[in-house]
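Novice: For reference, the structure I am asking about is given below.
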Amino acid sequence: MQEHYDRTPAGASGRLDTAVEILGSHPDYEFVEARPATEEEILRAHGTRTLESVKHDYDSTRPGLLYKMATLAAGGAIMTAEIGAGGEPTFGLIRPPGHHASYDSYWGFCYFNNIAVSLLHLRAKGLIESAYILDFDLHTGDGNINILGDDPKFVIHNPSGNGDEQFLRDIKRSFDSAPDVDIIVASAGFDQYEDDWGGNISTNAFHKIGRMMHDFAEERCEGRRYGLLEGGYNFEDLGKNVLAFCDGLRGV
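Taking numbering that gives the first Met the number 0, the leading residue of the sequence shown gets 0, the next gets one more, and so forth.
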């Protein structure tokens, strides 16, 4: 059951229903149950003030539920990252999203920064030193930039462009000029979709983004790649867009 953990569109129950249904019935996809992140894992990316604030956030629909969901999303991100770092393409179908969560603040439906928590976990375990972060959400991931942007080992790109052609060209240009890294990851925001808030790119574009990440990973970082769900609020079409991206990420 998807519990309604806060009063935002990202927290609405049923948001992931079509994605769960489509991926769950697909023979090439397997679900892995997430485990919650520990405080130690979260504190690699956030200060204690953020941790305590999320524990007691006023906007939760019931005491403790928001913190439970946020730690579960962060733990799911870590599990996704560990699988992806092993060379198996992986996607974290998680909520709440995270790319607006900074070291000591959060907003925009986000609480803990799932990308930062997962990458800093991989680094702490000696699995990576560097990463390319493709954040194709409609909104710039200021939390990703706040936590990781000053580290020269992390490259962050937020593509722009009107329509499929310009958007994909922007990503290709960034990939072509990127340094070699240990892993490529996506802050995967499906609110860029033509029938979502952004009104910008098609389902086919999400597939091409995934395929571009597949090719980058195979050529530049020994196949290591994963994505984490950020935005996407057209509940009916979210599933097909996630599937398109994941198929591309697998190279199909």
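C-beta: ideal position from N, C-alpha, C; glycine also. These numbers were taken from a predicted model, which means no experiment stands behind them.
Runs of 3 residues minimum, wholly inside the region 77-150: which ones carry the beta strand (DSSP E) assignment?
Specialist: 89-91 and 130-134
Novice: As an exercise, report each continuous alpha helix (DSSP H) stretch of at least 4 residues that is fully enclosed by the region 146-226, in chain order.
Specialist: Within the region 146-226, the runs of alpha helix (DSSP H) at least 4 residues long that lie entirely inside it are, in chain order, 162-176 and 202-219.
Novice: Just to confirm the assignment, what range does the alpha helix (DSSP H) spanning S52 have?
Specialist: Counting along the chain, the alpha helix (DSSP H) containing S52 begins and ends at T47 to K54.
Novice: If you drop the 5 nearest sequence neighbours on each side, which residues of the same chain put their C-beta closer than 6 Å to that of P35?
Specialist: So the qualifying residues of the chain are T70, L71 and G74.
Novice: Among the residues of its own chain, which have a CB less than 8 Å from the CB of V53, if the five just before and after it don't count?
Specialist: L65, Y66, A69, Y105, Y110 and F111
Novice: Pairs of beta-carbons, one from the region 165-174 and one from the region 142-151, closer than 8 Å: are there three or more?
Specialist: no
Novice: My guess is that D134 and H98 are in contact by the Cβ rule of under 8 Å, so how many angstroms apart are they, rounded?
Specialist: Rounded to the nearest angstrom, the Cβ distance from D134 to H98 is 6 Å, consistent with a contact under 8 Å.
Novice: Given a cut-off of 7 Å, decide if G83 and R224 are closer than it, judged by their beta-carbon atoms.
Specialist: yes
Novice: Can you tell me whether M0 is buried or exposed, with buried defined as 16 or more other CB within 10 angstroms of its CB?
Specialist: Note that M0 scores 44 on pLDDT, short of 50, meaning its location in the model is unreliable; the coordinates nonetheless yield the value given after this. Per the 10 Å Cβ criterion, exposed.
Novice: Given a threshold of 16 other Cβ atoms within 10 Å of its Cβ, counted over all protein chains shown, does A185 qualify as buried or as exposed?
Specialist: Buried: at least 16 other Cβ atoms inside 10 Å.
Novice: Name the DSSP beta bridge partners of L228, please?
Specialist: A187, per the DSSP bridge assignment.
Novice: Please look up how many angstroms separate the CB atoms of I132 and F153, rounded, as I've assumed it's under 8 Å.
Specialist: Cβ atoms of I132 and F153 come within 8 Å of each other, at about 6 Å.
Novice: Out of D179, Q191 and D141, which has the shortest C-alpha to C-alpha gap to S159?
Specialist: Q191
Novice: Please name the residue, chosen from Y102, A216 and E51, that lies closest to P178 on a Cα-to-Cα basis.
Specialist: Of the candidates Y102, A216 and E51, the one whose C-alpha sits nearest the C-alpha of P178 is A216.
Novice: Whole angstroms are fine: how far does the CA of I208 sit from the CA of I200?
Specialist: Rounded to the nearest angstrom, the two C-alpha atoms are 11 Å apart.
Novice: Do L248 and P26 have their beta-carbon atoms positioned less than 7 Å apart in this structure?
Specialist: no
Novice: Given this structure, state the Cα-to-Cα distance separating L228 from L92, to the nearest angstrom.
Specialist: 6 Å
Novice: Nearest-angstrom Cα distance between I77 and D194?
Specialist: 31 Å
Novice: Classify G247 as helix, strand or coil using the three-state DSSP reduction.
Specialist: helix
Novice: May I ask you to report which of helix, strand or coil DSSP gives G238?
Specialist: helix
Novice: Leaving out five residues on either side along the sequence, give the residues of the same chain with a beta carbon under 7 Å from the beta carbon of H120.
Specialist: E40, R43, I77 and A80
Novice: By a C-beta neighbour count over all protein chains shown, 10 Å radius and 16 as the cutoff for buried, is K141 buried or exposed?
Specialist: A small fix is needed here, since residue 141 is Asp in this sequence, not Lys. D141 should be labelled buried.
Novice: Considering L22, what are the terminal residues of the alpha helix (DSSP H) in which it resides?
Specialist: D16 to G23
Novice: Give the DSSP-derived three-state secondary structure of M0 in the structure shown.
Specialist: For M0, the predicted model reports a pLDDT of 44, less than 50, meaning its position is unreliable; a value from the coordinates is still stated below. Of the three classes helix, strand and coil, the one that applies to M0 here is coil, per DSSP.
Novice: So E29 is in the alpha helix (DSSP H); what residue range does that whole segment cover?
Specialist: Premise fails: E29 is in no alpha helix (DSSP H) and is neither H nor E.
Novice: What do you get for N198, buried or exposed, if any count of 16 or more other CB atoms within 10 angstroms of its CB means buried?
Specialist: Reading off the sequence shown, one finds Gly at residue 198, where the question assumed Asn. With fewer than 16 other Cβ atoms within 10 Å, it is exposed.
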